[in-house]
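Residue numbers (this note's numbering): 1 to 420. Glycine included, every Cβ here is placed at the ideal spot set by N, Cα and C. First up is the structure itself, then whatever we jot down about it.
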Ligand code: ATP
Ligand code: MG
């Protein structure tokens, strides 16, 4: 071990486990790639004001969890705590909304940073796969995103997750509800911090998990009773489309989520095997965000799925992903001459598209065969002086244990045929 360790609240991904994370990222993004979403990548840091304006000063993310820094030039930056504001910023900057038809559909995958109290499923560096559909107000788009996330989790084999769905209203009806809620909350017996929240972000109080708070929230006004006709109709349409697609969801009128920019559709994917860090993903509609960061009106919807918690969910359900071995052929040379010949064969195999590896470091046969086993390769190729004199190598099928001599010139074709 070196003197250094991964910083608190972070962990490294190392083989073989790292392969699982790659597979999860791939599975979470596959339905998007298949549905007209284009890949977008933005910097790991942004102007701090993008988040304070976009995500909202009153949110935990901005008020407590952001890693901020001042550069030598005096610019205030923040490590990105979430993806939506950055992606929208980038889409506006590149004028994507003017180039083609709306909506602009984008997906991303990357690292996010929040200064949180580390615990299982809650880290200071974590990874998300996200999707944003920018510039269209269409309930089918909200439904599409929920259906695609559901599909992603299902292709991984997950079953014990639930979809929570709510509507947060829009700029017409939400303020009316907000007033009513504030009035209700002000009558309750709450601590200093929570009282402050009533003024800043009263909907967030509904999200307070403490029993002593939850107890008092019984009878609180619910948003559903305040939705305007347009929001109601929109929400009904989203629900109908989900039902038609066979996606099961639960109406959750308390679901408010932590970000200020959400309007109308809001949803969360929770997994029942994860304890208190149960949200594996979430998202919603954010019709006002573009204007909040200085852009034109662009109603949009998106989600972000947590890779770390999805891996934990797989573990909780005892799901082993079937990861194909990354090496098909492992070459073991015996002697100097064989080393040169087999190294060239490995290069040839790789250029022919066969995943191949080589016993480096000049260890003996025993050590080399151990490496071959550990690689998970389907075949080993062994050759010594006598084989080379005959122009052959020994090709061993590690599954059946069968071994045969194959002409050096025919090796690549033979392997390709056997793997096909
Ligand atoms: P929570 O309520 O658990 O704090 P959140 O509402 O802050 O979650 P989002 O901002 O919606 O989370 O992020 C989307 C997803 O990213 C979450 O559902 C979760 O899977 C993951 N995520 C968020 N914060 C963390 C973290 N600190 N560590 C690991 N994963 C995280
Ligand atoms: Mg959080």
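Those runs of the alpha helix (DSSP H) which lie wholly inside the region 41 to 122 and span at least 4 residues: The DSSP assignment places complete alpha helix (DSSP H) segments of no fewer than 4 residues inside the region 41 to 122 at 48 to 51, 60 to 63, 84 to 93 and 96 to 99, in order along the chain.
Sequence-distant residues of its chain with Cβ nearer than 6 Å to residue 137 (five each side left out): Against the chain shown, residue 137 aligns to sequence position 137. Contacts found: 299.
Any non-hydrogen atom of ligand 1 within 7 Å of residue 281 CB: Within the chain shown, the letter at position 281 stands for residue 281. Within 7 Å of the C-beta of residue 281 there is at least one heavy atom belonging to ligand 1.
Secondary structure of residue 380, DSSP reduced to three states: In the chain shown, residue 380 corresponds to position 380, counting from 1. Strand.
Reference residue 90; option with closest CA among 46, 202, 203 and 308: Numbered from 1 along the chain shown, position 90 holds the residue referred to as residue 90. Among 46, 202, 203 and 308, the Cα nearest to that of residue 90 is on 46.
Three-way DSSP call (helix, strand, coil) for residue 5 in this model: Locating residue 5 in the chain shown gives position 5, counting from the first residue. In the displayed model, residue 5 falls within coil according to three-state DSSP, outside both helix and strand.
Buried versus exposed, by CB contacts within 10 Å (16 or more), residue 160: In the chain shown, the residue the question calls residue 160 occupies position 160. Exposed.
CA-to-CA distance, residue 58 to residue 199, given in whole angstroms: Residue mapping note: residue 199 aligns to position 199 of the chain shown, counting from 1. Residue mapping note: residue 58 aligns to position 58 of the chain shown, counting from 1. Answer to the nearest angstrom: the Cα atoms are 10 Å apart.
Close-in-space but distant-in-sequence residues of the same chain around residue 141 (CB under 8 Å, 5 per side omitted): As a working note, residue 141 is residue 141 in the chain shown. Closer than 8 Å at the Cβ level, and outside the excluded window around residue 141, lie 103, 133 and 301.
8 Å Cβ cutoff, residue 74 in contact with chain B: Chain labels in this structure do not include chain B; a single protein chain is all it has.
For residue 340 and residue 364, the rounded distance between their alpha carbons: For this step, residue 364 is matched to residue 364 along the chain shown. For this step, residue 340 is matched to residue 340 along the chain shown. Those two C-alpha atoms are separated by around 16 Å.
From 286, 196, 267 and 318, residue whose alpha carbon lies closest to that of residue 274: Start at 1 with the first residue of the chain shown, and residue 274 comes out as number 274. Put simply, of 286, 196, 267 and 318 the residue whose alpha carbon is nearest the alpha carbon of residue 274 is 318.
Residue 23 CB to nearest heavy atom of ligand 1 below 7 Å: The sequence position of residue 23 within the chain shown is 23, counting from 1. No, the Cβ of residue 23 stays beyond 7 Å of every heavy atom of ligand 1.
Pick from 279, 327 and 338 that is closest to residue 312, judged by C-alpha positions: Position 312 of the chain shown holds residue 312. Looking from the CA of residue 312, the closest CA among 279, 327 and 338 belongs to 279.
Sheet register partners of residue 397 (DSSP bridge): To locate residue 397, count along the chain shown from 1; it is residue 397. Under DSSP, residue 397 forms a beta bridge with 379.
Assigned secondary structure, residue 207 (DSSP; H/G/I helix, E/B strand, else coil): If you number the chain shown from 1, residue 207 lands on position 207. In the structure shown, residue 207 sits in coil (DSSP, three-state: anything other than H, G, I, E or B).
Sequence-distant residues of the same chain with beta carbon closer than 6 Å to residue 24, five excluded per side: Counting from 1 along the chain shown, the entry for residue 24 is found at position 24. 307, 310 and 311.
Beta-carbon spacing of residue 305, residue 149 below 8 Å: Reading the chain shown from its first residue, position 305 is the one you call residue 305. Reading the chain shown from its first residue, position 149 is the one you call residue 149. Going by C-beta atoms, residue 305 is nearer than 8 Å to residue 149.
Where residue 251 sits in the DSSP three-state scheme: As a position in the chain shown, residue 251 is number 251, starting the count at 1. Three-state result, residue 251: strand.
Residue 250 burial status per 10 Å Cβ neighbour count (16 or more: buried): The residue given as residue 250 occupies position 250 in the chain shown. Per the 10 Å Cβ criterion, exposed.
Closer than 7 Å: residue 60 CB and nearest ligand 3 heavy atom: The model on display carries ligand 1 and ligand 2 but not ligand 3.
Assumed close pair residue 393, residue 411 - CB separation to whole angstroms, cut-off 8 Å: For the purposes of this step, residue 393 is identified with residue 393 of the chain shown, where counting begins at 1. For the purposes of this step, residue 411 is identified with residue 411 of the chain shown, where counting begins at 1. Right, their Cβ atoms sit about 6 Å apart.
CB of residue 377 within 8 Å of CB of residue 398, strictly: Here residue 377 refers to the residue found at position 377 of the chain shown. Here residue 398 refers to the residue found at position 398 of the chain shown. For residue 377 and residue 398, yes; Cβs fall inside 8 Å.
Spatially closest choice to residue 121 from 334, 281 and 147, by CA coordinates: Counted from its first residue, the chain shown places residue 121 at position 121. Closest in alpha carbon position to residue 121, among 334, 281 and 147, is 281.
Residues of its chain near residue 127, where Cβ-Cβ distance is below 8 Å and the 5 sequence neighbours each way are ignored: Position 127 of the chain shown, counted from the first residue, corresponds to residue 127. Hits under 8 Å: 21, 25, 109, 110, 111, 112, 306, 307 and 308.
Residue 308 CB to nearest heavy atom of ligand 1 below 7 Å: Here the question's residue 308 lines up with position 308 in the chain shown. Residue side-chain check: residue 308 places its Cβ nearer than 7 Å to a non-hydrogen atom of ligand 1.
Cβ contact check for the region 337 to 356 and the region 62 to 81: 3 or more pairs under 8 Å: As far as the Cβ criterion goes, the region 337 to 356 does not touch the region 62 to 81, which means the pair count is below three.
Any non-hydrogen atom of ligand 1 closer than 7 Å to residue 245 Cβ: Here residue 245 corresponds to residue number 245 of the chain shown, with the count starting at 1. Result no, Cβ not under 7 Å from ligand 1.
Close beta carbons around residue 295, own chain, < 6 Å, minus the five adjacent residues each side: In the chain shown, residue 295 corresponds to position 295, counting from 1. Once the five neighbours on either side are set aside, the close Cβ partners of residue 295 are 92.
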